[in-house]
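Report on the structure given below.
In this note's numbering, the protein residues as written are 11 to 64.
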């Protein structure tokens, strides 16, 4: 999903004629927001605990 956010942001910036603006600076807040909304830290820690438990 993070690559899709990069592609969408870069296409929007190109459509607006803002070719010199780095897509990473615009898409980073959206990526962080998505990570927080999807409970990224909980999923990451849960996956780590399960991988060490098995």
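We put the beta carbon where it would ideally sit given N, CA and C, even for glycine.
Chain-order list of residues whose beta-carbon lies under 6 Å from that of residue 20 (same chain, five-residue window excluded): Residue 20 sits at position 10 when you count from the first residue of the chain shown. Taken in chain order, the residues that qualify are 33.
Minimum C-alpha distance to residue 11 - residue among 41, 31 and 23: For the purposes of this step, residue 11 is taken as the residue at position 1 of the chain shown. Nearest option by C-alpha distance: 41.
Three-state secondary structure (DSSP) of residue 52: Taking the first residue of the chain shown as position 1, residue 52 is located at position 42. Helix.
Three-state secondary structure assigned by DSSP to residue 27: Here residue 27 refers to the residue found at position 17 when the chain shown is read from its first residue. Note: residue 27 maps to coil in three-state DSSP.
Same chain only: Cβ atoms within 7 Å of residue 37, ignoring 5 sequence neighbours per side: The residue labelled residue 37 in the question sits at position 27 within the chain shown. Shown here for residue 37: same chain residues with a beta carbon closer than 7 Å to its own, the five before and five after excluded, namely 15, 16 and 19 in chain order.
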